[in-house]
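These notes are about the structure you will find just below.
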Amino acid sequence: MIGSTITHHENFGQVIQSYYQLTKPRIIPLLLITTAAAMFMAGKGHIEPFLLIITLLGGTFAAASAQTFNCVYDQDIDYDMKRTRTRPIPSGRVRSSHAIIFGITLAILSFSLLAIWVNMLSALLAMLGIVFYMLVYTHWLKRHTTQNIVIGGAAGAIPPLVGWAAVTGDLSWSAWAIFGLIFLWTPPHFWALALMISDDYAEVGVPMLPVVEGAETTGKQIWIYTLITVLFSFILIYPLNSLGIVYLLFATTLGIFFIIKAWKLQQNPEDKMIAKSMFKYSILYMMLLCTGIVVDTLTF
């Protein structure tokens, strides 16, 4: 039975560590990078340091809240998989009720910071990200369809909208273009990971694409989505004219390597090392592409 054994912490440091692990901290930096990139783009390179810090802090709390709720909801499959059995809730180090209170507290902190010090639109968008991630992706899609990560990817694309709204108070076509870019990037990014750990998903009956359709189909879908993502990345140059030559160089160079990685994976979809390489590069691609956005706005 999940959580039937309560593991007692030996000291306060271990308590902090357990709650920190609930937030899945490795995921958050990439979300913050996309938020910051959108802010610099919206502000044309001029951002008040206080606004940047508060927005990123609010985004951190929102993402941490969403991941905490995810840990509560997925505790059954986390317990069944050896890879995740040591997480705070299935291992008994944190009670579900305490995790829920923690997640609610983080959400309140996020909303309060953004609503008071930034603006209401950014605060509402941050809350929308939590709700979408939990209700649409985790509850509705994840365990019921192979398209879970395609539609659910919208949750991970909301942070740049928060960043844009924080600077301008509204959402322009350029803001939605960044949203679209991350939305399209998510499937090849996550499916590469799914290829690596498809056995785990199969073990607990989560219908990820590699489990239901197989590695070959997944490889083809990654290839298609990668091509679309790279092509779409240039929309910020034309027709939106939001960025210039520096971003063009970043997008072109990074895109070429992204396509090469996807092609290699399509040719060898069963090779988990190639899938791992694709997964790692997809993270690097988005991080450096966002860096290109910031450098471009600071240069011109």
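For what it's worth, our numbering labels the leading residue of the sequence shown as 780, then goes sequentially. Built from N, CA and C at the ideal position, the CB exists for glycine as well.
Note that the C-beta distance between P967 and Y1004 is below 8 Å.
Here DSSP, grouped into helix, strand and coil, assigns V983 to helix.
If you compare the alpha carbons of M1052, G1034 and K1043 with that of L1068, the shortest gap goes to G1034. Non-local beta-carbon contacts of F969 in its own chain, meaning distances under 7 Å to residues more than five positions away in sequence, involve I928 in chain order. Using a Cβ distance threshold of 8 Å, V985 and I856 count as a contacting pair. In this structure, A841 lies near S889, with their beta-carbon atoms less than 8 Å apart. In this structure, DSSP gives S1021 a state outside helix and strand, which the three-state scheme calls coil. By alpha-carbon distance to T1008, the top candidate from I879, I1072, A894 and T965 is T965. By the neighbour-count definition (other C-beta atoms within 10 Å, threshold 16), R805 is an exposed residue.
Runs of the beta strand (DSSP E) lying entirely within the stretch 792 to 839, each at least 3 residues long, are absent. Between the C-alpha atoms of L900 and G932 there is a straight-line separation of about 21 Å. Approximately 5 Å separates the beta-carbon atoms of L904 and L940; this is inside 8 Å, confirming the contact. Going by beta carbons, V1025 and F819 fall outside the 8 Å limit. Judged by their CB atoms, S953 and L1019 are nearer to each other than the 8 Å cut-off.
Annotated three-state conformation of D853 is coil, per DSSP. Taking C-beta separations shorter than 8 Å and ignoring five residues to either side along the sequence, the partners of I937 in its chain run L904, A905, L907, G908, F911 and F958, following chain order. Rounded to the nearest whole angstrom, the C-alpha separation of K1043 and G948 is 43 Å. Counting other Cβ atoms within 10 Å of its Cβ, S951 stays below 16 and is therefore classed as exposed. Going by DSSP, P989 is part of the alpha helix (DSSP H) stretching over L988 to V991. Distance check between A944 and each of E1049, M1066 and L831 places L831 closest, using alpha-carbon atoms only. For V946, the closest C-alpha among the options G1023, S797, G935 and A816 is that of A816.
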